[in-house]
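Offset between the sequence shown (1-based) and my numbering: plus 288.
Note that beta-carbon positions come from the ideal geometry of N, C-alpha and C, so glycine has one too.
Note that this is a predicted model, so its numbers are computed, not measured.
Read through the structure below, which is laid out as structure tokens, and then see the notes.
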Amino acid sequence: MEFNVAVLPGDGVGPEVIAQAVKVLQAVGGKFGHKFHLHAGSIGGSAIDTSGTALSEETLKVCKQCDAVLLGAVGGPKWDNPLAKVHPEDGLLALRKGLGLFANLRPVKVFPMLINSTTLKPEVIQNVDLVVVRELTGGLYFGQPKKRWQDDGERRAVDTLFYSEGEIERILRVGFELARSRSRRLISVDKANILESSRLWRQIATELSTEYPDVELDHMLVDACAMRLIQRPADLDVMVMENMFGDILTDEASMLAGSMGMLPSASLAGIPKGKTFGMYEPIHGSAPRRAGKNMANPIATILSVAMMLRYSFELEDEAQVVENAVLGVLEEGYRTYDIMEEGKLRTGTKEMGDLIARRIECR
Ligand code: IPM
Ligand code: MG
């Protein structure tokens, strides 16, 4: 089969990890006889430097014409001035919105061989295998008004947590469908004791659950969920939540896996059924201090390629081959700096990519 993939390396370690992910994608192509046509685009700080905007019309157009988007990371100290007119992150938000990517899936799976490389007790993180479904194009990130002004000699600012019924329903459906394909348990996370938008969210979740009688729905307050995530994370499975709740809780959840360098993500434009358009990226940022040093862990981006094969190309076998190749290389003891332990083999970004690609080619 043939697919078109937009590739946006972005800033910092983005280009380095993307190079390895592309290598793995081509290895899959070679092995299974698929053709992946790559279409380069720029985003973030590097796009600001060359075109003055964090996401050009041209890049957005390229993405829209492709079957999926592979993204590295955006941002860096060079573009951090809070008073600057454009920020690299604006490009990412514009891309999510522009491509209608409302459903962000962030799986957190603890690899057994990395159980000692986290700050948590092994018995707590053993068997952790959960997915956060984060609403990505609404809520506190996008609600209007969103502005700064001055009144009574005081600086003031407002952000708005707005959701329509349609936005809530479609993300909850992603949660229900995903729960159906896993443990048939769904936790809807909200702050319904305080927020009006959460009360609507909870009501819609309860109403929708009649359409999914095979899925057990629970509601959890977001603060309790933050606690539960480090108290008994292995009990959690699929959780669905508002944009900013998801942003915060997924950074917390990532620590269960030891390093952000291990965690992939998919941002989808629909309920994952059949071939769904999506953007795939590691959940880590541009890590400017590690950039250009062949240090960054490319596994999060490589596992994002596996998600792309699964959700956008409906190539489940190929997705599993990539995931197994990652497991195999970790089992052999290869580690990038972020997951390094005594007695293991310290590996650079490129070498890790080579090892994983070679395992796919030689299987
Ligand atoms: C994430 C990141 C982004 C977000 C930033 C880079 C805009 O933190 O994907 O979690 O806040 O959504
Ligand atoms: Mg975040």
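Under the DSSP definition of a beta bridge, which residues are partnered with residue i?
i                 : result
phenylalanine 324 : Phe291
proline 410       : In the DSSP output, where bridge partners are listed per residue, proline 410 has none listed.
alanine 356       : Val293 and Gly566
glutamine 653     : What is shown of the chain runs 289 to 651, which leaves residue 653 out entirely.
asparagine 392    : Arg422 and Ser555
tyrosine 625      : According to DSSP, which records beta bridges pairwise, tyrosine 625 is partnered with nothing at all.
arginine 634      : Arg623
methionine 508    : Val477
methionine 527    : Val420 and Ile475
glycine 298       : Ala361
threonine 448     : Gly431
leucine 537       : Answer is none; leucine 537 lacks a bridge partner.
isoleucine 331    : Leu343
lysine 397        : Asp417
Measuring CA to CA, which of the options is closest to residue i?
i                 : options                           : result
valine 310        : Leu603, Gly621 and Val593         : Val593
leucine 643       : Asp299, Ala294, Ser330 and Ala315 : Ala315
leucine 496       : Glu453, Leu348 and Thr538         : Glu453
asparagine 612    : Glu630, Ile587 and Lys373         : Ile587
threonine 425     : Asp511, Gly333, Thr564 and Ser555 : Ser555
tyrosine 568      : Met289, Phe291, Val295 and Glu290 : Val295
glycine 566       : Lys434, Cys351 and Gly616         : Cys351
glutamate 530     : Ser344, Gly641 and Leu483         : Leu483
phenylalanine 450 : Val396, Arg520 and Arg487         : Arg487
alanine 361       : Ala372, Ala307, Glu604 and Thr635 : Ala307
phenylalanine 291 : Val374, Ile475, Tyr599 and Ala372 : Tyr599
isoleucine 559    : His572, Ile475, Pro570 and Val462 : Val462
glutamate 646     : Gly580, Ala356 and Val312         : Note that residue 646 is arginine in the sequence shown here, rather than glutamate. Nearest option by C-alpha distance: Val312.
lysine 397        : Glu620, Ser553 and Thr564         : Ser553
phenylalanine 601 : Asp355, Pro303, Glu423 and Pro365 : Asp355
asparagine 656    : Ile536, Met640 and Glu620         : Summary: the structure shown does not reach residue 656, with the chain confined to residues 289 through 651, and so no result is reported for it.
valine 446        : Phe430, Ala522 and Ala557         : Phe430
proline 410       : Ala522, Arg651 and Gly616         : Ala522
aspartate 539     : Arg490, Gln414, Arg634 and Arg422 : Arg422
threonine 448     : Ser485, Arg473 and Leu474         : Ser485
lysine 561        : Asp299, Ser476, Phe464 and Gly302 : Phe464
alanine 335       : Val477, Val301, Gly379 and Ala493 : Gly379
aspartate 535     : Ala514, Arg520 and Leu524         : Ala514
lysine 366        : Gly300, Asp525 and Glu455         : Gly300
glycine 573       : Leu359, Gly318, Met289 and Asp337 : Leu359
glutamate 457     : Gly441, Glu499, Leu603 and Met289 : Glu499
alanine 579       : Gly298, Asp368 and Val293         : Gly298
alanine 557       : Ile648, Val357 and Gln491         : Val357
lysine 373        : Leu381, Asn392 and Gly340         : Gly340
lysine 581        : Gly302, Val293 and Met289         : Gly302
Can you tell me the Cβ-Cβ gap for residue i and residue j, rounded? I've got them flagged as a contact below 8 Å.
i                 : j              : result
methionine 532    : leucine 428    : 4 Å
valine 416        : leucine 544    : 5 Å
glycine 329       : glycine 363    : Actually they are not in contact, since the Cβ atoms of glycine 329 and glycine 363 sit about 17 Å apart, beyond 8 Å.
valine 609        : isoleucine 590 : In fact, because the Cβ distance is near 12 Å, the residues do not count as touching under 8 Å.
glutamate 606     : leucine 597    : 5 Å
phenylalanine 390 : isoleucine 459 : 6 Å
isoleucine 571    : arginine 443   : Not really, about 33 Å apart at Cβ, beyond 8 Å.
alanine 541       : leucine 418    : 7 Å
leucine 505       : leucine 537    : That belief does not hold up - the Cβ atoms of leucine 505 and leucine 537 are roughly 18 Å apart, past 8 Å.
threonine 635     : glutamate 304  : The Cβ separation is near 13 Å, so there is no contact.
proline 376       : alanine 342    : 5 Å
valine 503        : leucine 524    : Actually they are not in contact, since the Cβ atoms of valine 503 and leucine 524 sit about 15 Å apart, beyond 8 Å.
valine 528        : valine 477     : 7 Å
Under 8 Å, Cβ to Cβ, is there at least one residue of chain C near residue i?
i             : result
aspartate 626 : Judged by its chain identifiers, the structure shown contains no chain C, having just a single protein chain.
field: the region 318-325 / the region 381-398 touching (three or more Cβ pairs under 8 Å)
entry: no
message: Using a Cβ distance threshold of 8 Å, determine whether the region 622-631 contacts the region 543-550, with at least three qualifying pairs required.
response: Counting C-beta pairs with one atom in each stretch, the region 622-631 and the region 543-550 have three or more that are closer than 8 Å, which means they touch.
- prompt: Between the region 500-510 and the region 403-415, do at least 3 Cβ pairs fall closer than 8 Å?
  reply: no
message: Can you confirm whether the region 428-447 touches the region 463-470 when touching is taken to mean that 3 or more C-beta pairs between the two stretches lie within less than 8 Å?
response: no
Alpha helix (DSSP H) runs contained entirely in the region 586-612, provided each spans 4 or more residues: Under the rule that a run must span 4 or more residues, the alpha helix (DSSP H) segments found entirely inside the region 586-612 read 587-599.
field: Segments assigned beta strand (DSSP E), at least 3 residues, entirely inside the region 471-504
entry: 473-478
task: Please write down, chain order preserved, every residue whose beta carbon lies under 6 Å from a heavy atom of the ligand COA.
output: Of the ligands this structure carries, namely the ligand IPM and the ligand MG, none is the ligand COA.
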